[in-house]
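Numbering (the working numbering), first residue to last: 366 to 539. Each residue gets a CB set at the ideal place from its N, CA and C atoms; glycine is no exception.
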């Protein structure tokens, strides 16, 4: 048999040839990287499902979620909070009796009574807690801060049957 036939070559030579080929191809790619680096990378696509928010007119959870979303947005711009909008939201969503009680509570405690805090939450969730008497109770969880300084506050919001907020408390009426 002739030693020059490919079938008789040593496996080490094939491995060396393959390694050389990979190295040569790799060097060719690396010379193209600087040219590609100046081109903006395409935006990464998220594998998470897109967020959605839904609601139903007249539903207590939707009403409270709408109120807290708009209220936090109105207060959230630290350089230019929209005090006029926050006041209008209170007038629209709160019963007149509760608005008076809330104002007195705020004067006594020196914090925003809707948020039960001096600052604005980073996140909030709204959850149905069922009927209470002639009204409906909704749990609002406010998340303040981030990382190790995260603090959560649970508020129990009572919505009367005519869709106005009649109370915000730190304990459930149930």
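Cα-Cα separation between residue i and residue j, rounded to whole angstroms
i	j	result
residue 478	residue 446	16 Å
residue 525	residue 413	37 Å
residue 494	residue 529	16 Å
residue 399	residue 419	With a pLDDT of 45 at residue 399, under the threshold of 50, the modelled position of that residue is not reliable, and the figure given next carries that caveat. Residue 399 and residue 419: Cα-Cα distance of roughly 47 Å.
residue 508	residue 415	22 Å
residue 427	residue 421	6 Å
residue 449	residue 513	34 Å
residue 436	residue 506	14 Å
residue 534	residue 432	16 Å
Three-state class that DSSP yields for residue i in the structure shown
i	result
residue 480	coil
residue 471	helix
residue 513	helix
residue 529	coil
residue 456	helix
residue 519	strand
residue 536	coil
residue 485	coil
First through last residue of the beta strand (DSSP E) which encompasses residue i
i	result
residue 493	488-497
Residue i: first and last residue of the uninterrupted alpha helix (DSSP H) it sits in
i	result
residue 427	425-441
> Can you find at least 3 beta carbon pairs, one from the segment 494-501 and one from the segment 458-472, that sit closer than 8 Å?
Replying inline: no
> So does the segment 509-527 actually touch the segment 442-456, counting three or more Cβ pairs closer than 8 Å?
Replying inline: no
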